[in-house]
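Here the structure comes first, spelled out in structure tokens, and everything after it is commentary.
In this note's numbering, the protein residues as written are 8 to 95.
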């Protein structure tokens, strides 16, 4: 459906990961979850489905960092890191 110029769709991490967003206009598409629990369950299932990934990723709340189980090469999309977060 369209609301306020943007389109809203059910939260689908696989589809969201492939969707490109323009950087010069307002976001044209928003993914919406039924609840925080629904969003967490779907993103966890999406991550588990990435079986070709030879490492794990966890959030270290005490250090406020995203950590990996072994060194990985950063994607060119993350060269600047994540806002407010560091990759180790």
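Backbone N, C-alpha and C define an ideal beta-carbon position, used for all residues, glycine too.
Query: Buried or exposed: which applies to residue 77, given that a residue is buried once 16 or more other Cβ atoms fall within 10 Å of its Cβ?; Result: exposed
Query: Using the DSSP secondary-structure output, state which residues sit across from residue 67 in a beta bridge.; Result: 72
Query: If contact is defined by three or more beta carbon pairs under 8 Å, each pair taking one atom from either stretch, is the segment 38-52 in contact with the segment 17-25?; Result: yes
Query: By alpha-carbon positions, which one of 32, 31, 57 ends up nearest to residue 24?; Result: 57
Query: Can you tell me whether DSSP reads residue 17 as helix, strand or coil?; Result: strand
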